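Since the structure comes first, as structure tokens, the remarks are kept for the end.
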Amino acid sequence: MATTLSPPRGDVVIPINFYEDPEDGSRPFNYVASPPKGLPQRNFRLVPHDTLLQDVRGREGHRRSTTNPPESTFENDDSTRAKYYPEVEQLLLSSIPGATRVAIFDHTLRRAGTIGGPDAGNPIARAHIDHTGWAAEERLRQTVADEADELLKGRWRIVNVWRPLNKEPLENAPLCFALASTKTLDMKELGEVESRFPDGYLGQTYVIKHNPAQSWYYLSGMTGNDRLVIGIFDSNCIKNNLTVTGGAPHTAFVDPRERPGAETRESIEIRALGFGP
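All letters in the sequence shown, in the order written, are residues 1 to 277 by UniProt numbering.
This is the structure we're talking about:
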């Protein structure tokens, strides 16, 4: 049973799983759900490196909501879209500088999953960015098909909004993230992985190679009032020939200070396009 004691806070050193290329030089892939019989979940290597996480509680970089929607909001996809999407749209319009329009394209609910299991339904335990530049444009075209060519001429971004659904402050499998900064992240540290979905759709994500110059952060004791707004892609980075795509690497992690009986993580992640200025 979860306790009501204060959750662990402050900086902490934890292992993060970083990417290494497949030993045979083949194209990296990952099955989002369980793989077909006889095939591995993924063909690339994950190597843990001890990493300092700085606690951003009390600093800038996340949002607080004055409301914590009831559990019934997230009982099914239709309810989530009707009751939670409008809040997220308003949050992103106020959070993305210059944004004049937001289009939410999907969400992922993770309930009582196993960290490190198949991506579908489980906390993802490797440093990653949800979309490559190619995948970001594909997502835009799928979401706003008739307007895509015109919207691609302006600035557009992909942003995730992440929050726990737990009743107690989160301790189990929390989220950590790095900055999408040219000072701490370079395209040479990104590997492109083909994401294979159960319906046959092929996506593409970035996985992150280890570099001790990277700076990693987390928000301790997240509650239902906390919202992490995570940049995934920014078209200005491509237009300005920057060495990053505007995406912030992130991953679930195991906190060695997690107390016995802490609630298993439940969370929701909303993914959206933001347009403008």
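Heads up, the beta-carbon is just placed ideally off N, CA and C, and yes, glycines get one too.
As the structure is a prediction and not an experimental result, all values here were calculated from the model.
Alpha-carbon spacing of residue i relative to residue j, whole angstroms
| i | j | result |
| --- | --- | --- |
| P249 | Q204 | 14 Å |
| G200 | S6 | 44 Å |
| A272 | R141 | 13 Å |
| F18 | L46 | 5 Å |
| T124 | T108 | With the sequence shown as reference, residue 124 is identified as Ile, and Thr is not the correct amino acid for it. If I take the Cα positions, the gap works out to 12 Å. |
| Y84 | E150 | 29 Å |
| L165 | P70 | 9 Å |
| A262 | A252 | 16 Å |
| R126 | S267 | 17 Å |
| H49 | P28 | 20 Å |
| D77 | A33 | 19 Å |
| R155 | R259 | 44 Å |
| W134 | F105 | 16 Å |
| M1 | E168 | Only weak support is given to the placement of M1: the predicted model assigns it a pLDDT of 44, under 50, and the value that follows is read from those uncertain coordinates. If I take the Cα positions, the gap works out to 11 Å. |
| I96 | V102 | 9 Å |
| E87 | G25 | 45 Å |
| E89 | G38 | 42 Å |
| R196 | L202 | 5 Å |
| N43 | P198 | 17 Å |
| D21 | K239 | 28 Å |
| G274 | L93 | 8 Å |
For residue i, the first and last residue of its enclosing alpha helix (DSSP H)
| i | result |
| --- | --- |
| residue 288 | Residue 288 lies beyond the range of the chain shown here (1 to 277); nothing can be said about it. |
| T143 | G133 to T143 |
| N166 | It is not in any alpha helix (DSSP H) - N166 carries neither H nor E in the DSSP assignment. |
| N68 | N68 -> no alpha helix (DSSP H), and no H or E assigned at all. |
| I238 | S235 to K239 |
Integer Cβ distance of residue i from residue j, believed to fall under 8 Å
| i | j | result |
| --- | --- | --- |
| residue 281 | E189 | Because the chain is modelled from 1 through 277, residue 281 falls outside the range shown and cannot be assessed. |
| G231 | A148 | Not confirmed; about 21 Å, so no contact. |
| H128 | I208 | 7 Å |
Other residues of its chain near residue i: CB distance less than 8 Å, five sequence neighbours each side excluded
| i | result |
| --- | --- |
| R57 | R9, L219, S220 and G221 |
| E23 | R45 |
| L152 | E137, L140 and S235 |
| R110 | G121, N122, P123, R265, E266, S267, I268 and E269 |
Beta-carbon contacts of residue i that lie in its chain and below 6 Å, excluding the five residues immediately before and after
| i | result |
| --- | --- |
| Q41 | Y31 and P35 |
| E269 | T108, N160 and W162 |
| A136 | I158 and F233 |
| G276 | G98, A99 and T100 |
| T3 | Low confidence applies to T3: its pLDDT is 46, below 50, so where it sits in the model is not reliable, and the reading given next is rough at best. Correct list: empty, nothing qualifies. |
| W216 | T51, L53, C176 and A178 |
| N68 | G224 and N225 |
N- and C-terminal bounds of the beta strand (DSSP E) containing residue i
| i | result |
| --- | --- |
| R59 | Counting along the chain, R59 falls outside any beta strand (DSSP E), and DSSP gives it neither H nor E. |
| D149 | Not the beta strand (DSSP E): D149 falls in the alpha helix (DSSP H), residues A148 to L151. |
| N30 | F29 to Y31 |
| S195 | L190 to R196 |
| I270 | E266 to F275 |
| H250 | H250 to A252 |
| A173 | Neither: A173 is in no beta strand (DSSP E) and is coded neither H nor E. |
Proximity test, residue i beta-carbon vs the ligand SAM heavy atom, cut-off 7 Å
| i | result |
| --- | --- |
| V144 | For the ligand SAM, the structure offers nothing, since it holds no ligand at all. |
Close Cβ partners of residue i (< 7 Å) along its chain, the five nearest in sequence each way excluded
| i | result |
| --- | --- |
| D55 | R9, G10, D11, Y218 and S220 |
| T73 | S79, T80, K83 and Y84 |
| R257 | P8 and V12 |
| D255 | P8, V12, I14, E171 and P174 |
Proximity of residue i and residue j at Cβ, strictly below 8 Å
| i | j | result |
| --- | --- | --- |
| T132 | E192 | yes |
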